[in-house]
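Here's the structure we're looking at; comments come further down.
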Amino acid sequence: MQAASDFFLGWGEGENRAHFYVRQLRDMKTNAIIEDFDAADLRGYGRVCGWALARAHACSGDSAMIAGYMGSSEIFDDAMCDFAVAYADQAETDCRGFVTAVRKGRIKAVLDA
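Using our numbering, read the sequence shown as starting at 1356 and increasing by one per residue.
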């Protein structure tokens, strides 16, 4: 996922604060075989995907304008926290419903060894 529409796909800072531009040499996309992931792999994969998505969204606008729009109050912070808690609660409710449906035979769970 590229953060900006530019011929430079990215940049980084190395040792001694040296800056580097990174370009795509060739299209070498791949995909993760998440079926083979253990819990630690899945957490790491989620973390990396979340970072890439957040970076792309953060770079998609003028940060000073966004900061000015957000203001200095904690309203947005509180709203994001409320959303995160509500989302987690919903995920737990969905999981309980799924487990119940499997236990009652309404849906079949297939476990691969």
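Idealized CB from N, CA, C, for every residue including glycine.
{"Item": "Beta-carbon spacing of G1365, V1377 below 8 Å", "Value": "yes"}
{"Item": "The ligand HEM heavy atom lying under 7 Å from the CB of A1395", "Value": "Of ligands this structure carries none, so the ligand HEM is not represented either."}
{"Item": "Which of helix, strand or coil DSSP assigns to E1368", "Value": "strand"}
{"Item": "One or two residues paired with H1374 in a DSSP bridge", "Value": "E1368"}
{"Item": "Where the alpha helix (DSSP H) containing V1403 begins and where it ends", "Value": "A1394 to A1413"}
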